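In what follows, a structure is listed as structure tokens, so that the remarks can point back to it.
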Amino acid sequence: MLAYQRYDVFTDQPFGGNQLAVFINPGELTTETMQAIAREFNLAEITFVTPAEKPENHYRVRIFTPTTEMPTAGHPTIGTAYALLREGLVQPGVVRLEENIGVVPVTISQTGDFTLISMQQANPTFGAVIEDRAAAAGLLGLSADDLMEDKPVQVVATGVPFLFIPVKTLSAMGRIRVRADRWDDLQAPGAPFGMFAFTLETELPRSTVHSRMFAPELGIVEDPATGIASGALGSYLVKYGLVTPRDGVASIVSEQGVEMKRPSIIQIRIETAGDQIVDVDVGGTAVYMGSGMLQV
423 MLAYQRYDVF
433 TDQPFGGNQL
443 AVFINPGELT
453 TETMQAIARE
463 FNLAEITFVT
473 PAEKPENHYR
483 VRIFTPTTEM
493 PTAGHPTIGT
503 AYALLREGLV
513 QPGVVRLEEN
523 IGVVPVTISQ
533 TGDFTLISMQ
543 QANPTFGAVI
553 EDRAAAAGLL
563 GLSADDLMED
573 KPVQVVATGV
583 PFLFIPVKTL
593 SAMGRIRVRA
603 DRWDDLQAPG
613 APFGMFAFTL
623 ETELPRSTVH
633 SRMFAPELGI
643 VEDPATGIAS
653 GALGSYLVKY
663 GLVTPRDGVA
673 SIVSEQGVEM
683 KRPSIIQIRI
693 ETAGDQIVDV
703 DVGGTAVYMG
713 SGMLQV
């Protein structure tokens, strides 16, 4: 029997954010068994937490979607850190988690009853620009006229590559109907994990950007909160002048999951030096939803 916990991540309210199952110290499991468990849960991602391989780190974290193991990911990292804090296995401060991409520093801050967890992501890499904007828009069931004219459709990564598609209006975001059959035809260089659409029109007054992410090849029809893509989103917004840093720092709030009735709030911090992005941090909070046992 394997014990697990369930969390909603990037929300401070139950039934919002992105769902996560966390297995802490599950014992010896093969990769194949972990993948089978991920398929069984059929969540966007689940995590398995084991002792760290190096003494200077806190824990080893492996992250699985229903179809593949991830090098890193946002809501699983933040949700797992929250779970470890709740169990008293880590304390507020900097926690070092070993993931497939390497060591991911996570900062846990507490103010009263509120807990904010932020993960440092890699500095951005800006990859291929898709010149066929009609084809890119067609992935979303939109037309080229629905896209921002002067902003590129581009692959960007802060650990995991995504194809960023800038959309003009909130109305167009609501009309998105993903054409997964066209994904292979586009053949975006850089092997993006999914399509990330965004607009500067928002539902909530305190939000900076409204976001949606789709990754059909990972078994994710739509993701209510995508932390690892949000660092790249913030980097895109800063690079192309959609958000202007103040004193070298851009603080961005991304709302995601609204169309799924699982609203998520993702805090993004982009630090710049001149025209260079030198630090990327993505944060949020989580809600404990329960626990259970899995017969394996």
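Residues are numbered in our numbering as their position in the sequence shown, beginning at 1, plus a constant of 422.
Cβ coordinates follow ideal geometry from the N, Cα and C atoms, glycine included.
As the structure is a prediction and not an experimental result, all values here were calculated from the model.
Residue i versus the options, residue with shortest Cα-Cα distance
i: Q576; options: L592, D567, I552, A672; result: I552
i: P514; options: V483, N464, V525, S540; result: S540
i: L585; options: F636, T621, L592, I523; result: F636
i: S638; options: R604, L659, G656, A647; result: Rather than Ser, the amino acid found at residue 638 in this sequence is Pro. Nearest of R604, L659, G656, A647 to P638, Cα basis: R604.
i: T547; options: P685, L424, Y658; result: Y658
i: T499; options: A556, L511, G510, V517; result: V517
i: L569; options: N545, Q532, I598, A579; result: I598
i: F615; options: E625, A647, A579, M595; result: A579
i: D607; options: A559, V528, G649; result: A559
i: L519; options: G439, K476, R634, T452; result: K476
i: K661; options: N545, M492, M423, Q457; result: N545
i: N479; options: S633, D554, L511, E462; result: L511
i: D535; options: P527, F486, R508; result: R508
i: P525; options: Q543, S531, T533, L538; result: For clarity, residue 525 is Val in the given sequence; the question names Pro instead. Closest by alpha carbon: Q543.
i: P574; options: L655, P527, T529, Q698; result: L655
i: E521; options: L442, V483, P588, G449; result: V483
Spatial neighbours of residue i in its chain, beta-carbon cut-off 7 Å, leaving aside the 5 residues before and after
i: T490; result: L640
i: T591; result: T621, E623
i: R691; result: V671, S673, D703
Proximity below 8 Å, CB of residue i to CB of residue j
i: T455; j: V704; result: no
i: F618; j: A566; result: no
i: G501; j: Y426; result: no
i: V471; j: V431; result: no
i: G670; j: Q689; result: no
i: T494; j: I523; result: yes
i: I446; j: A503; result: no
i: R601; j: G563; result: yes
i: P667; j: T648; result: no
i: H497; j: E462; result: no
i: N724; j: S593; result: Since the first and last residues shown for the chain are 423 and 718, residue 724 lies out of range.
i: Q678; j: P627; result: no
i: M682; j: E644; result: yes
i: G438; j: R684; result: yes
Spatial neighbours of residue i in its chain, beta-carbon cut-off 8 Å, leaving aside the 5 residues before and after
i: A550; result: Q576, V577, A610, P611, G612
i: N464; result: P488, G641
i: P436; result: D430, V709, M711
i: D728; result: Here the chain covers residues 423 to 718 and nothing more, so residue 728 does not appear.
i: M715; result: M423, L424, A425, Y426
Near the ligand MN: residue i beta-carbon under 7 Å from a heavy atom
i: G706; result: The ligand MN is not part of the structure shown, which contains no ligands of any sort.
Neighbour flag for residue i against chain C, beta carbons, 8 Å
i: I692; result: Absent from the structure is chain C; it holds one protein chain and no more.
For residue i, the residue or residues it bridges with in DSSP
i: T547; result: A579
i: T694; result: I699
i: T537; result: Q532
i: I552; result: Paired residues: none, contrary to the question.
Same chain, Cβ closer than 6 Å to residue i, five either side skipped, listed in chain order
i: T630; result: I674, V675
i: V582; result: F615, I650
i: D701; result: E693
i: I485; result: E467, T469, M492, A495, P498
i: T537; result: T707
> What are the complete alpha helix (DSSP H) segments, minimum 4 residues, inside the stretch 568-633?
Replying inline: 592-596, 605-608
> If you scan the stretch 497-532 from start to end, which runs of the beta strand (DSSP E) of 3 or more residues do you find wholly inside it?
Replying inline: Listed in chain order, the complete beta strand (DSSP E) runs (minimum 3 residues) inside the stretch 497-532 are 515-521.
> Which runs of the alpha helix (DSSP H) fall wholly inside the stretch 636-675 and span at least 4 residues, in chain order?
Replying inline: Correct list: 649-661.
> Hey, which unbroken runs of the beta strand (DSSP E) at 3 residues or more fall wholly within the stretch 432-487?
Replying inline: 440-446, 467-473, 481-486
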